[in-house]
């Protein structure tokens, strides 16, 4: 552990992480689905992402919800998400629908990708309802890579299914839309038998995921991939107030104000901390956490690693607890 | 160099050759003139647009949408000419093709995965330091440490066989030469490249890879479907292409920096935890990878210059790291500086995926040396090894005083 007295070249600050973004536009795409376009307040690039990624949206009460990015990764300046109003939900979707409006600032974390598009000559994509969102950039990526693909899009009724008309207009026969008004569809039959040249991607409600998991249970692991809508409790709420960071073994604590990166605060206090990407992507600034509850905003840790809570990336991540004890 | 001062609509232009022997041997004066000439300067000889300022280079590195890599990151336009080897799935690819190989390798070479490697490499570094110092306190630091340590630990970590490893350095050296024009350096390496290349390609096959290493982890990713079986050997090849020479020259850079800044060596000995900062500060200062090209995907205006679509641009990473617009007293090797944000490893989606490996190798070695060596000095002028892309030392005669 070293304390640097003369901190120089501090001009690279944490100005690249997604952090606070502005809602540029909102648009209802069905009766119950709102499409949001987000951009950075300062007009700079947002962190890069790949198809299958989601962002963590921090709600007013400090809890977070995860939403798949559905736009084009080539657009470095906007994120697009679509949110289904769920009257029985935990309030996240009501907040997004009823409270958020164009011009509002929101906090986002990530993007993270737990649902990566693995290379394949052919794909079968299966979406149930709002589960269409991660599929949209996947379809484009598959086409760009020269892969063949088909999409099965399931929902209650055509009017409840976001982007269904656009998809059929654009892609014709490759998109099969099926509504439960027309009876039950045999998903297993649509998927067919295992073929090493085909990968299956599914996102949707639990019943659909279960059906796909069952139909592909004997397949080679990794050839059928699913994303569940997780309703898991992500622990304590994110905080919007200042917190203390204690550097273990030094007897020193610093206060990290809202809007200031932990890495920046540490450097300004004279601690040595090497960062590189400043976006929670590269992992250079990984720091051990020995006490307190980190608020992870990086794109590196998986869910289990996040839950372990024994390290964080101070270029973007913060603290949920009043005090975070770290080892440098 | 004659830089023609432009009228507002004209492009600063130079006839100087950044790949000439003189500039490669000492690129700093050229880089200074480049930065002063403008944000973008046309290299008349090659029809290439050059960038030397920190902000411009960093922005271009981040903007993969506007500056693509799949047309090659050297001077050759892959859309007009067939490259000499199948393109890299990482370095010479753009999203979405780039996504899967990158995410697989980023995980395998990530700091969390490397934790298991660290104790072994620290022990290996101590062994090497003991071996060299037992032979004497005067040595060539390039052969004894900069080359010896990566060659001792990295091929084992990848999991390739012992026999034939002498192909690794010349293969990488030629590869980095071929990013530049077909000059004397490319001509020099060309006669034997087929032989080196054949050996490297052979080691990427599954049956050559031993279990437990990076190479094995890449093939395991193919088993899980994260890569195709066609991609796996090319991803292994990326490790062997980009992971040896670069680290050798990075370690050479940090050793040279300490040899010429004895006060900073004393400081490191007091605070061994500064080894990480020291390594990145040396990378900033020396930029072992000096340049990379990109190709514009559309017309792009920068600093009043309109670069047409499908043109090669040349980013001077070393120049960006020495830009006084961004760095205070940039030519000073200074452990009290915060080198964060240097572009010696690049930036953005193509940022060096092996940077944690390089950092661990260098920190292991420097820490082991600091434990035993009180001071370091050069006994003669070190000699540069010229390469179209890499900044390197051929020899570095060194004397140490033991602690």
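Residue numbers (this note's numbering), protein chains in the order written: chain A, 14 to 341; chain B, 515 to 917.
The C-beta atom is built at its ideal place from N, Cα and C for all residues, glycine as well.
Owing to the predicted nature of the structure, the values given are computational and were not obtained by experimental measurement.
Straight-line Cα distance separating residue j from residue i
{"i": "residue 880(B)", "j": "residue 789(B)", "result": "7 Å"}
{"i": "residue 147(A)", "j": "residue 287(A)", "result": "34 Å"}
{"i": "residue 292(A)", "j": "residue 60(A)", "result": "7 Å"}
{"i": "residue 672(B)", "j": "residue 753(B)", "result": "8 Å"}
{"i": "residue 19(A)", "j": "residue 285(A)", "result": "Summary for residue 19(A): the model assigns pLDDT 34, below 50, so the residue's position carries little reliability, and this model does not support an answer."}
{"i": "residue 823(B)", "j": "residue 589(B)", "result": "15 Å"}
{"i": "residue 740(B)", "j": "residue 130(A)", "result": "8 Å"}
{"i": "residue 305(A)", "j": "residue 161(A)", "result": "48 Å"}
{"i": "residue 780(B)", "j": "residue 833(B)", "result": "28 Å"}
{"i": "residue 152(A)", "j": "residue 714(B)", "result": "36 Å"}
{"i": "residue 246(A)", "j": "residue 320(A)", "result": "Summary for residue 246(A): the model assigns pLDDT 40, below 50, so the residue's position carries little reliability, and this model does not support an answer."}
{"i": "residue 690(B)", "j": "residue 906(B)", "result": "12 Å"}
{"i": "residue 535(B)", "j": "residue 70(A)", "result": "54 Å"}
{"i": "residue 230(A)", "j": "residue 314(A)", "result": "27 Å"}
{"i": "residue 571(B)", "j": "residue 830(B)", "result": "7 Å"}
{"i": "residue 157(A)", "j": "residue 610(B)", "result": "7 Å"}
{"i": "residue 761(B)", "j": "residue 687(B)", "result": "12 Å"}
{"i": "residue 751(B)", "j": "residue 602(B)", "result": "8 Å"}
{"i": "residue 595(B)", "j": "residue 274(A)", "result": "46 Å"}
{"i": "residue 841(B)", "j": "residue 149(A)", "result": "43 Å"}
{"i": "residue 141(A)", "j": "residue 597(B)", "result": "44 Å"}
Residues bridged to residue i (per DSSP)
{"i": "residue 66(A)", "result": "126(A)"}
{"i": "residue 557(B)", "result": "528(B), 562(B)"}
{"i": "residue 52(A)", "result": "35(A)"}
{"i": "residue 120(A)", "result": "33(A), 71(A)"}
{"i": "residue 182(A)", "result": "For residue 182(A), which the question treats as bridged, DSSP gives no partner whatsoever."}
{"i": "residue 143(A)", "result": "Answer is none; residue 143(A) lacks a bridge partner."}
{"i": "residue 911(B)", "result": "654(B)"}
{"i": "residue 973(B)", "result": "Outside the shown range of chain B, which is 515 to 917, sits residue 973(B), and nothing can be said about it."}
{"i": "residue 266(A)", "result": "259(A)"}
{"i": "residue 95(A)", "result": "48(A)"}
{"i": "residue 272(A)", "result": "According to DSSP, which records beta bridges pairwise, residue 272(A) is partnered with nothing at all."}
{"i": "residue 166(A)", "result": "140(A), 190(A)"}
{"i": "residue 217(A)", "result": "241(A)"}
{"i": "residue 212(A)", "result": "136(A)"}
{"i": "residue 803(B)", "result": "904(B)"}
Where residue i falls: helix, strand or coil (DSSP)
{"i": "residue 244(A)", "result": "Bear in mind that a pLDDT of 48 at residue 244(A), under 50, signals an unreliable position, so the model cannot answer this."}
{"i": "residue 237(A)", "result": "strand"}
{"i": "residue 860(B)", "result": "strand"}
{"i": "residue 625(B)", "result": "helix"}
{"i": "residue 888(B)", "result": "strand"}
{"i": "residue 79(A)", "result": "strand"}
{"i": "residue 176(A)", "result": "coil"}
{"i": "residue 84(A)", "result": "coil"}
{"i": "residue 309(A)", "result": "coil"}
{"i": "residue 589(B)", "result": "coil"}
{"i": "residue 299(A)", "result": "coil"}
{"i": "residue 22(A)", "result": "Caution applies to residue 22(A), whose pLDDT of 35 falls short of 50 and renders its modelled position unreliable; the model cannot decide the point."}
{"i": "residue 197(A)", "result": "coil"}
{"i": "residue 90(A)", "result": "coil"}
{"i": "residue 774(B)", "result": "helix"}
{"i": "residue 828(B)", "result": "strand"}
{"i": "residue 809(B)", "result": "strand"}
{"i": "residue 839(B)", "result": "coil"}
Assumed close pair residue i, residue j - CB separation to whole angstroms, cut-off 8 Å
{"i": "residue 647(B)", "j": "residue 886(B)", "result": "6 Å"}
{"i": "residue 867(B)", "j": "residue 604(B)", "result": "7 Å"}
{"i": "residue 668(B)", "j": "residue 903(B)", "result": "The Cβ separation is near 19 Å, so there is no contact."}
{"i": "residue 793(B)", "j": "residue 890(B)", "result": "Actually they are not in contact, since the Cβ atoms of residue 793(B) and residue 890(B) sit about 15 Å apart, beyond 8 Å."}
{"i": "residue 559(B)", "j": "residue 529(B)", "result": "6 Å"}
{"i": "residue 302(A)", "j": "residue 339(A)", "result": "6 Å"}
Buried versus exposed call for residue i [16 or more other C-beta atoms within 10 Å across all chains shown]
{"i": "residue 724(B)", "result": "exposed"}
{"i": "residue 183(A)", "result": "exposed"}
{"i": "residue 219(A)", "result": "exposed"}
{"i": "residue 206(A)", "result": "exposed"}
{"i": "residue 908(B)", "result": "exposed"}
{"i": "residue 170(A)", "result": "exposed"}
{"i": "residue 95(A)", "result": "buried"}
{"i": "residue 531(B)", "result": "buried"}
{"i": "residue 565(B)", "result": "buried"}
{"i": "residue 524(B)", "result": "exposed"}
{"i": "residue 698(B)", "result": "exposed"}
{"i": "residue 8(A)", "result": "In this structure chain A extends from 14 to 341, so residue 8(A) is not present and cannot be described."}
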